[in-house]
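Here the structure is laid out as structure tokens; the discussion comes afterwards.
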Amino acid sequence: MTPSTLHLAPSLAKSLESTKCEYRQLGKSGLRISVPILGCAGFGDPSGIRPWVLGEKDAICLLKAAYDKGINTWDTANIYSNGISETIIGKTIKKHTIPREKVILMTKCFWAVGEDQTVQNMMPLEKSKDYQNAFGLSRIAIFNAVEASLRRLDTSYIDLLQIHRFDTLVPIEETLQALNDLIRSGKVRYIGASSMWAHQFACLQHTAELRGWTKFISMQNCYNLIYREEEREMIRYCNETGVGLIPWSPLCNGCLTRLPPSENRASSKREEFESKFGSTLGYVEPDLTIRARVAEIAEKKGWPMSHVALAWIQKRVSSPIVGFTKIEQLDDTLDAKGKSLTIEEETYLEVFNMKIAKGSITAFGMMAMSATAQSLSYGANNWYRGEILTVQPISFRTQNNITVAGIFFFQTNLSRSANTSAIVVGHPMGAVKEQSANLYATKLAEQGFVTLAIDTPFWGGSEGYSRNGVSPDLYAEGFSAAKIDMRSKTIATSSMYDIGTAFLDGLRRSQTTEQRKALIALASQARWAEADGGETQVTGGTPHEVTHLAASDAIRLRGPGALAIGKFISRDKTADIVILALKMLSQDLDGGIGAFASTLLLHGDPN
């Protein structure tokens, strides 16, 4: 007897027939969620500042329709319509007697909720005497927010409590212990996070692990075809550590569901609202090009534009959070189930000129609140490629016969008639991998510097080259990277030169230069004990002074637009990278370095 011939109970047969979506586990957790997740930010008070918001009656109907079709995961926040969104969800469950265990309720805490329902702007509340423990991620603020959300949702527990942002004013241990206590109390089942810097999220996760507290299972960041900055670090970190991605605005506020307004289509309420505030989202490059290409592929496939955007993102995340204001929009999203794009179509949507990508980050990055920088672009496998830059892998041996691989960055149209600054950036691969130094190198190259990001090896390979040397001291931690090296208990921070070490007893959020040097020595000692089979050698300290760089120390890089760069200085067998900033004479670019206009060594505490 096959499963297809087994007798199904009528109730189960009806349930299966009405289920229109798929379900996935959220990251490596055991929590199963619907695809898509229903975003409830658009439920509340339509008389407020957002005219497209659905009122209670229509929102309850939409929530019930979503539940009936299988969308059982609902995302809201305490501040959505000043708490009304949560209240509507609670009323829906009660009115339609939906079994509580059959829906997954996700809410957030961070900002204060006004006691008066007419409050629209949450920021002034922070100065009021009545709201001093109603915002942020202190223990008391989190507990107060959760109790209030439970009352509005009319439930005894929250399935996934998310911190809406990172609180820079509260010790992360206080935040994490409060969240852990809520888990133990049964009022919260899982915890997640929302838009923040990758290094902040990594610090939270690492501290929770060190203390034995509950770790976050999800990251709700802004991510779509127009805004892909999160691919640079946050998404890589989450994918490598098993954190589920549930991005907000996967359709970019509707921009990926339609072309800009024209004679044939009037502006929507939301478009009219945003235009009053000067929003350029969707109306600058490369936004317009992306929208046009989405429309082009949709027409070729006979799909709505939304299906192209959803097919692109659904293979990259656990589940996107999609908001609806009409039943037709809900059905349209469910119809995207199982659709996929070819590699060629994805590439066509993703590859854009870095010169014009700057406008997109400016337009959407402010709303995302987690943009790394306004002039950055790309993500995943092509973040440092573009017409503006030439990227060339290289490999050479140091004066101590250590093989070093690196990535060379320079502007394709580099002028040969003016002096050009060159910078060598070193980084420990065991801690931060390629994206750290390459990100910084890209930023520098975009600003006109010739940049070489060097990888000193530990094990394995990098960018096609083998890595067969011992890692350096941790003097060049990554730029806002979120990679953890469990061998030496180190973690990258947002500063290019700040060690930001997580060593044994937890993270130190602020350290002096001498404290960092001491931790560098300890980390180096741990690495050498491992590399030398137990024989300890502490190597820490300040890099050697540069006495001179002769023309004989130069190496020649060949190929179109090739440039020359000098050997870096290392000491003994540690092969520590010395960070150099070199001034090269323009007349020597084609024939080797020759002489340098100046030499500068960066060390100590640049912050």
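Under the UniProt record's numbering, the first residue of the sequence shown is numbered 1, with each subsequent residue one higher.
Every residue, glycine too, gets a C-beta built ideally from N, C-alpha and C.
- R100 and R189 have their C-alpha atoms roughly 13 Å apart.
- Note that the stretch 24-34 does not touch the stretch 76-89; fewer than 3 beta-carbon pairs, one per stretch, sit closer than 8 Å.
- For L54, there is no enclosing beta strand (DSSP E), as DSSP marks it with neither H nor E.
- In the structure shown, W197 adopts coil according to DSSP, grouped into three states.
- Exclusion of the five residues before and after W312 leaves L225, L341, E346, L349 as the residues of its chain whose Cβ lies within less than 8 Å of its Cβ.
- Cβ neighbours of A148 within its own chain (closer than 8 Å, five residues either side excluded): N78, G83, V113.
- For the pair of segments examined, the stretch 60-80 was found to touch the stretch 32-46: the number of CB pairs separated by less than 8 Å reaches three.
- The beta carbon of S18 is closer than 8 Å to those of D68, K69, G70 in its chain, skipping five residues each way along the sequence.
- Rounded to whole angstroms, C238 and M219 show a C-alpha spacing of 8 Å.
- Between the stretch 144-160 and the stretch 171-191 there are three or more inter-stretch CB-CB distances shorter than 8 Å, so the stretches are counted as touching.
- Within 10 angstroms of the beta-carbon of H7 lie fewer than 16 other beta-carbons, which makes it exposed.
- Distance from the CA atom of W197 to the CA atom of L125, rounded to whole angstroms, is 25 Å.
- Contact between T333 and W52 is ruled out by a C-beta separation of about 17 Å, above the 8 Å threshold.
- In the structure shown, the three-state DSSP call for I321 is strand.
- Non-local C-beta neighbours of S85 in its own chain, meaning closer than 6 Å and more than five positions away in sequence, comprise C40, F43, G44, T76, ordered along the chain.
- Around the beta carbon of N413, fewer than 16 other beta carbons lie within 10 angstroms, which makes this residue exposed.
- For Q25, the three-state secondary structure derived from DSSP is strand.
- Within its own chain, no residue has a Cβ closer than 6 Å to the Cβ of L169 once the five positions on either side in sequence are excluded.
- Counting every other CB atom within 10 Å of its CB across the protein chains shown gives T241 a total of 16 or more, marking it as buried.
- Uninterrupted beta strand (DSSP E) stretches at least 3 residues long and entirely within the stretch 129-196 occur at 158-163, 188-194, given in chain order.
- Pairing L150 with I172 gives a Cβ-Cβ distance that is not under 7 Å.
- Ranked by Cα distance from A145, the first of K127, H164, W303 is H164.
- Per DSSP, the continuous beta strand (DSSP E) segment holding D75 begins and ends at 73-75.
- Taken through DSSP and simplified to helix, strand or coil, Q117 comes out as coil.
- DSSP places I104 within a strand segment (E or B) once states are collapsed to three.
- Take the alpha-carbon of A178 and the one of K300: they are about 52 Å apart.
- Within its own chain, the residues whose Cβ lies closer than 8 Å to the Cβ of C21, once the five positions on either side in sequence are excluded, are S34, V35, P36, K69, G70, I71, L334, K337, listed in chain order.
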